[in-house]
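> Residue numbers (the numbering used here), protein chains in the order written: chain A, 1 to 251; chain B, 252 to 502; chain C, 503 to 812; chain D, 813 to 1122.
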Amino acid sequence: MRKEWMKVVQKLWRTENIVELTLEGELVEEVERPGQFLHVATGEKHVLRRPISIASYDKNNCQLTIIFRVEGKGTKWLSLLSKGDLVDVMGPLGNGFDISRVPLHAEVLVIGGGIGVPPLYGVASEFKKRNLVTKHILGFSSKQDAFLLNEFQKLGETFLTTVDGSLGQKGFVTDVTLPTPDYVFSCGPSVMLRAVKEKYSNSVTYLSLEDRMGCGIGICYACVCSSNHAAHDKKVCVDGPVFLANEVVLT
Amino acid sequence: MRKEWMKVVQKLWRTENIVELTLEGELVEEVERPGQFLHVATGEKHVLRRPISIASYDKNNCQLTIIFRVEGKGTKWLSLLSKGDLVDVMGPLGNGFDISRVPLHAEVLVIGGGIGVPPLYGVASEFKKRNLVTKHILGFSSKQDAFLLNEFQKLGETFLTTVDGSLGQKGFVTDVTLPTPDYVFSCGPSVMLRAVKEKYSNSVTYLSLEDRMGCGIGICYACVCSSNHAAHDKKVCVDGPVFLANEVVLT
Amino acid sequence: MINLAVQLPGLSLKNPIMPASGCFSFGREIGELYDLSKLGAVITKATTQHPRIGNATPRVAESSSGMLNAIGLQNPGVEQVVSEELKRLASYDVPVIVNVAGSSLEEYVEVASVVSKISNVHAIELNISCPNVKDGGIIFGTDALVAAELTKAVVAASSVPVYVKLSPNVTSIVPIAKAIEEAGASGLTMINTLLGMELDRKTGKPILANRTGGLSGPAIKPIAIRLIDEVRRNTSIPIIAMGGVETVQDVIDYLSIGANAVAVGTAHFKNPWICSELIDQLPEALASLGYSSVEQCIGRSHDHEYLLSR
Amino acid sequence: MINLAVQLPGLSLKNPIMPASGCFSFGREIGELYDLSKLGAVITKATTQHPRIGNATPRVAESSSGMLNAIGLQNPGVEQVVSEELKRLASYDVPVIVNVAGSSLEEYVEVASVVSKISNVHAIELNISCPNVKDGGIIFGTDALVAAELTKAVVAASSVPVYVKLSPNVTSIVPIAKAIEEAGASGLTMINTLLGMELDRKTGKPILANRTGGLSGPAIKPIAIRLIDEVRRNTSIPIIAMGGVETVQDVIDYLSIGANAVAVGTAHFKNPWICSELIDQLPEALASLGYSSVEQCIGRSHDHEYLLSR
Ligand SMILES: Cc1cc2nc3c(=O)[nH]c(=O)nc-3n(C[C@H](O)[C@H](O)[C@H](O)COP(=O)(O)OP(=O)(O)OC[C@H]3O[C@@H](n4cnc5c(N)ncnc54)[C@H](O)[C@@H]3O)c2cc1C
Ligand SMILES: Cc1cc2nc3c(=O)[nH]c(=O)nc-3n(C[C@H](O)[C@H](O)[C@H](O)COP(=O)(O)OP(=O)(O)OC[C@H]3O[C@@H](n4cnc5c(N)ncnc54)[C@H](O)[C@@H]3O)c2cc1C
Ligand SMILES: Cc1cc2nc3c(=O)[nH]c(=O)nc-3n(C[C@H](O)[C@H](O)[C@H](O)COP(=O)(O)O)c2cc1C
Ligand SMILES: Cc1cc2nc3c(=O)[nH]c(=O)nc-3n(C[C@H](O)[C@H](O)[C@H](O)COP(=O)(O)O)c2cc1C
Ligand code: FES
Ligand code: FES
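1) For chain A, find out if any of its Cβ atoms is closer than 9 Å to the Cβ of I992 (chain D); answer yes or no.
2) So which residues of chain C does G469 (chain B) contact, with C-beta pairs closer than 9 Å?
3) Against chain C, does D490 (chain B) count as a neighbour if the rule is that its beta carbon must be under 9 Å from one of theirs?
4) Does the count of Cβ pairs from the stretch 1084 to 1097 of chain D and the stretch 1038 to 1047 of chain D closer than 8 Å reach three?
5) Are there three or more Cβ pairs, one per stretch, closer than 8 Å when the stretch 359 to 369 of chain B is compared with the stretch 377 to 389 of chain B?
6) Smallest Cα separation from A222 (chain A): which of D:Y920, D:G1077, D:N881?
7) From which residue to which residue does the alpha helix (DSSP H) around E993 (chain D) run?
8) Could you tell me which residues DSSP puts in a beta bridge with A743 (chain C)?
9) Check each residue's C-beta against every heavy atom of ligand 5 and list, in chain order, those closer than 7 Å.
10) Select from the stretch 981 to 1010 of chain D all residues with a C-beta closer than 7 Å to any C-beta belonging to chain C, and list them in chain order.
11) Could you give the distance in angstroms between the alpha-carbon of I842 (chain D) and the alpha-carbon of K850 (chain D)?
12) Classify D755 (chain C) as helix, strand or coil using the three-state DSSP reduction.
13) Does DSSP put I99 (chain A) in a helix, in a strand, or in coil?
14) Scan the stretch 1070 to 1093 of chain D for residues whose Cβ lies nearer than 9 Å to a Cβ of chain A and list them as they occur along the chain.
15) Is it the case that the CB of F771 (chain C) approaches a heavy atom of ligand 6 more closely than 8 Å?
16) Look at the alpha carbon of K1017 (chain D) and the alpha carbon of I739 (chain C), and state the distance between them as a whole number of angstroms.
17) Answer with buried or exposed for H1080 (chain D), where buried requires no fewer than 16 other C-beta atoms within 10 angstroms of its C-beta.
18) Can you pull the chain D residues whose beta carbon is under 8 Å from the beta carbon of D211 (chain A), in chain order?
19) Please report whether the beta-carbon of L299 (chain B) lies at a distance below 9 Å from any beta-carbon of chain C.
20) Looking only at DSSP bridge pairs, what is E275 (chain B) linked to?
21) Looking at the C-beta of E535 (chain C), does it have a partner C-beta in chain B at a distance below 9 Å?
22) Chain C beta carbons: is any one of them nearer than 9 Å to that of S876 (chain D)?
23) Among the residues of its own chain, which have a CB less than 6 Å from the CB of G286 (chain B), if the five just before and after it don't count?
24) Restricting to Cα atoms, I'd like to know which of A:V196, A:I18, A:V238 is closest to V70 (chain A).
25) I want to check one thing, is the minimum distance from the CB of P1030 (chain D) to the heavy atoms of ligand 2 below 8 Å?
26) Kindly list, in the order they appear in chain D, the residues whose Cβ is closer than 9 Å to that of R703 (chain C).
27) Going by the CB atoms, is the gap between A858 (chain D) and N932 (chain D) shorter than 9 Å?
28) Note down the Cα distance separating K1014 (chain D) from V442 (chain B), rounded to an integer number of angstroms.
29) I'd like to check one pair, G767 (chain C) with S566 (chain C): are the Cβ atoms closer than 9 Å?
30) I need the DSSP call for P708 (chain C), collapsed to helix, strand or coil.
31) Runs of 3 residues minimum, wholly inside the stretch 516 to 576 of chain C: which ones carry the beta strand (DSSP E) assignment?
32) Output the boundary residues of the alpha helix (DSSP H) element that contains N150 (chain A).
33) Any idea what DSSP makes of C187 (chain A), helix, strand or coil?
34) Give every residue of the same chain whose Cβ lies closer than 6 Å to the Cβ of A245 (chain A), excluding the five residues on either side of it in the sequence, and list them in chain order.
35) Taking its Cβ as the centre, do 16 or more other Cβ atoms sit within 10 Å of E587 (chain C), making it buried, or is it exposed?
36) Please tell me whether T75 (chain A) has its Cβ less than 9 Å away from any Cβ of chain D.
Here it is as structure tokens:
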């Protein structure tokens, strides 16, 4: 883990309110897995950093991308950065999706909802490098909120859902029914994760959780969640953000 | 008075910690006199603007210059601006130096100390336009803090003092003794203004005062000073910053 | 059409936005920037019986997302406030709330009784919480019994409804608020500033001549929201909220927690047009939440739980 | 050479900088970033008799130049703190101050008595000011008599000096500080957080599951400076200051107003190396004021006036 001023080398509006930034810096060397995240400072008025997942990374060029939706003041601030600007970043943080234990012949289903989609692109890309073809279900509110579609389609069969039916199947990601996969990798709003956990209880299911964070490194106890063993005994920032679905209690 | 995002069109380091910014915007049209000031916002963490004098202005090009010393957080923030940046400015504010009543044959002495020098450059320049040649005494801490020397020398005879003697006469501006002028225009630290008031009690002496400000427009009562008539009956921001020396009580 | 109007005791507000006491003076300067008739109301600078020269300067200092002030109730005294300031404000179609201060019960009563008779004065804001002068009222604002006694006396003397301005510098605000409600106040305004100090980098000494000053601005907003939440759930009279309002989201937050109207102080210093701009932005902000009136937004944090609990 | 050392009851500090309770856990994570022996001291997370699971999440929210937390004293209980956390800290050359919390006098006494016997524990910080749990001690921190009684009991039970952490959520801090001093406390730490609330933009409801939380960060610094000024001028025991420290200038400010050492909390979340960096910067900051030791800087705001007045 490092703290570094990373340089914005590219900025792209993916939708009306979703920005992709490509950042350059030495901490990319330390990235181990898709699903790890950065903790990003957003100006002097904000005492807390913002956790944003690493969507993809390129160790050769010391570059990575983050994709975020403009939600409140911090992401608004980030969205005003331009090429060449420096941004104060800590990372990589968290465990990420461990795909190394997945056998090469396994059936892998990737399920992403909304702004949970970006880290899964890293997952699918890493599988691709290992010649494992993933299937994807991506859910969005509506057509104009959808992004990364082409990118996922290139990596494997991709099913789309939108709440309003403006693109793909109308409904939620769990309304798409496919043969039970061996592994599920998922990230998205907690209501979606709960539904995914239930629907894919017979698969090995990895979920990336979200929680309000303070430090991002395990010292503040802001981001706790409960395992099956004890209440509040896991920290999303260091024990997660990725957990096996049947290990954690989803609230 | 307007509130406007002015554009930085030039930035110049005058000394190691004194910056000159040339700003462009429509509020230049409203500038009436040298000695008026701008109230400049310095980032989201700061709820107060910073009062900075207009050093010179060019109505034809809608440009003006401010010259400030990096003191604390706000001026530090300003010093990080670059050409092309926009800065949130309110102004012009205050009365400024009224030179219109000075007869053309009058003897005018301009006395500036440290960061009080910039608005006096505007005074001397305006007199020059009216073909009145001013004399100047400029005081600094030491040689490396001195600035605008050439500019003043072009406008009239210029005497220099430094506290450590590294440039000009060693001592204070009031250690230079010249024939009693008809008019004195002065700006600088309050201890200097007190000495100037005393030394030039037989001249018509205009002093530009400094005080911590809130609003800059007369609504908060932060910047009061006392006249000879009553305590705290003047506001530096609207009744000043320029006062006749014998009208105000200097503290 | 979004209905911005709010009805409060003595105050028929076009909209819930008004300048806070001391950050608007008596409206002369801001009246040159936009038409004050646009405002929900105006709250004047503190008015005392006799003219006051206030504290020595420096009177303001800055802190992270906040500022300290120790103006010390400088004002021209009630006579001149009536003859000049209130008279000028009468030319606008806007209800005036006069902020009344004093160093004795008698002074409060006297000033309230005089100003409340002026026709454009629709309410009094009783300033029992100014932290910046020794005899400036904070003694009246930190003790429930004293606050109630003063409120009772001023309510009796005033021809218009009395709103009492609460101090946040207390261990428990609820007993004080309740005592004031029972004493007959028509409403509460909150919060006044928190007592703070800033030091000069070079000397290490306090920047303010008064040593301490009142902290205002966005820094104090979470404290104000918490205090208003406590008071809202334990009293029934209307609340005019203030503390760090800069954006229309801040206005929505105060309405949500149960305030009936919102005053803007410190933000005037960076942007004297702030109230006018917030009034323009409010309809869209309410609409985006699905509301068609200010009234619908008031208290949404509570799910009406506080209404039921009474 | 600038002398950074500070001698306090029980604590021989290499320098006056230490992490504040709850913003450093027990040092495991930050110990991976730099050598903790560099610190003046460490203050641990709150420790209670039995393990506590703390409050529901969300537990943090942000505000302008500040944040709210309602962790709720989550900790593994004194047994595990002793067997694991304090043991690990013993491998560093740094005095440990254990922050002790509880819901009854008996619990405080029990925990203090246990931890104070551990050899690397050089002092106890009595947390009578946690605003985030109903039974978390703030009741002990807002009443002078109760605070004094608790202090007395813990001082009697503890084998090391006891520092008491004051709550800023009070009308008058001086009577409480004085009562604690008289009850035998060796020092004071101040301030704990101010009670606040933040609302969710979309729902209008409190963000924190606990509804309210403690406000920390630069926003509260002027309040902390003012409270320390009051307490410094009215008590004689040392003060460890905290509240919004981010820069070495903040450290200088707290020393100037009379604090003997300075703790850093919230700033760890943006920069976990903050204490180490401040320690590196302190000599130059002191030198630029003409001081050759920390001791010379302590209390410079007062011109020794407060020493004379005692
Ligand atoms: C491990 C992890 C990975 C994430 N990855 C991404 C990503 O790749 N792309 C993306 O768009 N978003 C991601 N998020 C959510 C993102 O952190 C929030 O949208 C963001 O913090 C909102 O900040 P703001 O200042 O715009 O909102 P504000 O509401 O102004 O933020 C106020 C505070 O609340 C926190 N906060 C608000 N919403 C959330 C949230 N949903 N989750 C966590 N904290 C929140 C902020 O961090 C900040 O501390 C991730 C969250 C986590 C925990
Ligand atoms: C009418 C007027 C004209 C001025 N013109 C100039 C100029 O042309 N060039 C220049 O360099 N300086 C000028 N000053 C002084 C300038 O305003 C301060 O140096 C500046 O405000 C310091 O801000 P800061 O954030 O760097 O310092 P900080 O100490 O961080 O500021 C904290 C607060 O104190 C106020 N403050 C601090 N020092 C002063 C001061 N000396 N006077 C007034 N307020 C202060 C700041 O405005 C701010 O509100 C002028 C002041 C006034 C009143
Ligand atoms: C410069 C200044 C002067 C003030 N004067 C008064 C006053 O005279 N009477 C009063 O009741 N409150 C006074 N206040 C307090 C404000 O009305 C308000 O309660 C407080 O500043 C919080 O709101 P804000 O954060 O929007 O400024 C003053 C505040 C400031 C900043
Ligand atoms: C996340 C968090 C947890 C805290 N936990 C404790 C605690 O367990 N015990 C305690 O006495 N203070 C606790 N505090 C208060 C801090 O020790 C400190 O008094 C306060 O935050 C002010 O300092 P700061 O502004 O530097 O954070 C906590 C603060 C934060 C932000
Ligand atoms: S964010 Fe601090 S422990 Fe996880
Ligand atoms: S700065 Fe507000 S009255 Fe002058």
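Yeah, the Cβ is synthetic: ideal placement off N, Cα and C, and Gly gets one too.
In short, the structure shows the following:
1) Here residue 992 (chain D) refers to the residue found at position 180 of the fourth sequence. No, its Cβ sits nowhere closer than 9 Å to a Cβ of chain A.
2) On the second sequence, residue 469 (chain B) is found 218 positions in, with the first residue counted as 1. Per Cβ cutoff of 9 Å: S527, R530, E531.
3) The residue you call residue 490 (chain B) lines up with position 239 of the second sequence. D490 (chain B) does not count as touching chain C.
4) no
5) yes
6) Looking up residue 222 (chain A) in the first sequence gives position 222. Residue D:N881 is the option with its Cα nearest to A222 (chain A).
7) As a first step, residue 993 (chain D) must be located in the fourth sequence, where it is residue number 181. Taken as a continuous stretch (DSSP letters only), the alpha helix (DSSP H) holding E993 (chain D) covers 986 to 994.
8) Taking the third sequence and counting its residues from 1, the one referred to as residue 743 (chain C) is at position 241. C:M692, C:V764.
9) A:M213, A:G214, A:C215, A:G216, A:I217, A:G218, A:I219, A:C220, A:Y221, A:A222, A:C223, A:K235, A:V236, A:C237, A:V238
10) N981, V982, T983, L1006, L1007, G1008, M1009, E1010
11) Residue 842 (chain D) sits at position 30 when you count from the first residue of the fourth sequence. Residue 850 (chain D) sits at position 38 when you count from the first residue of the fourth sequence. Roughly 12 Å separates the two Cα atoms.
12) What you label residue 755 (chain C) is simply residue 253 of the third sequence in a count that begins at 1. If DSSP states are grouped into helix, strand and coil, D755 (chain C) belongs with the helices.
13) As a position in the first sequence, residue 99 (chain A) is number 99, starting the count at 1. In the structure shown, I99 (chain A) adopts coil according to DSSP, grouped into three states.
14) T1078, A1079, H1080, F1081, K1082, N1083, P1084, W1085
15) Taking the third sequence and counting its residues from 1, one reaches residue 771 (chain C) at position 269. Yes, Cβ of F771 (chain C) sits closer than 8 Å to a heavy atom of ligand 6.
16) Taking the fourth sequence and counting its residues from 1, the one referred to as residue 1017 (chain D) is at position 205. Taking the third sequence and counting its residues from 1, the one referred to as residue 739 (chain C) is at position 237. Cα to Cα, the separation comes out at about 21 Å.
17) Along the fourth sequence, read from residue 1 onward, the residue named residue 1080 (chain D) stands at position 268. Under this definition H1080 (chain D) is a buried residue.
18) The sequence position of residue 211 (chain A) within the first sequence is 211, counting from 1. The contacting residues are T869, P870.
19) Locating residue 299 (chain B) in the second sequence gives position 48, counting from the first residue. It does; some Cβ of chain C falls within 9 Å.
20) Reading the second sequence from its first residue, position 24 is the one you call residue 275 (chain B). Paired residues: B:K258, B:Q314.
21) Translated into positions along the third sequence, residue 535 (chain C) becomes position 33. Just to set this straight, residue 535 (chain C) is Leu in the shown sequence, not Glu. Interface residue, yes.
22) Translated into positions along the fourth sequence, residue 876 (chain D) becomes position 64. Chain C contact via Cβ: present.
23) Within the second sequence, residue 286 (chain B) is the residue found at index 35, counting from 1. Cβ neighbours of G286 (chain B) beyond the five flanking positions: G347, F348, P370, S459, V493.
24) Looking up residue 70 (chain A) in the first sequence gives position 70. The candidate whose alpha carbon is nearest that of V70 (chain A) is A:I18.
25) The residue you call residue 1030 (chain D) lines up with position 218 of the fourth sequence. Result no, Cβ not under 8 Å from ligand 2.
26) Position 201 of the third sequence holds residue 703 (chain C). Listed along the chain, the chain D residues whose CB falls inside 9 Å of the CB of R703 (chain C) are Q1061, I1064, D1065.
27) For the purposes of this step, residue 932 (chain D) is taken as residue 120 along the fourth sequence, with counting starting at 1. For the purposes of this step, residue 858 (chain D) is taken as residue 46 along the fourth sequence, with counting starting at 1. Going by C-beta atoms, N932 (chain D) is not nearer than 9 Å to A858 (chain D).
28) Mapped onto the fourth sequence, residue 1014 (chain D) falls at position 202. Mapped onto the second sequence, residue 442 (chain B) falls at position 191. Cα-Cα distance, rounded: 55 Å.
29) Translated into positions along the third sequence, residue 566 (chain C) becomes position 64. Translated into positions along the third sequence, residue 767 (chain C) becomes position 265. In this structure, S566 (chain C) keeps its C-beta atom at 9 Å or more from the C-beta atom of G767 (chain C).
30) Your numbering for residue 708 (chain C) matches position 206 in the third sequence. Here P708 (chain C) sits in strand by DSSP.
31) 519 to 521, 562 to 565, 568 to 571
32) Numbered from 1 along the first sequence, position 150 holds the residue referred to as residue 150 (chain A). Counting along the chain, the alpha helix (DSSP H) containing N150 (chain A) begins and ends at 149 to 155.
33) As a first step, residue 187 (chain A) must be located in the first sequence, where it is residue number 187. The answer is strand: DSSP assigns C187 (chain A) an E or B state.
34) The residue labelled residue 245 (chain A) in the question sits at position 245 within the first sequence. So the list reads K197, T205, L207, once near-sequence residues are dropped.
35) By one-based count along the third sequence, residue 587 (chain C) stands at place 85. Counting Cβ neighbours within 10 Å, E587 (chain C) comes out buried, since at least 16 surround it.
36) Along the first sequence, one-based indexing puts residue 75 (chain A) at 75. Answer no: the Cβ-Cβ gap between T75 (chain A) and chain D never drops below 9 Å.
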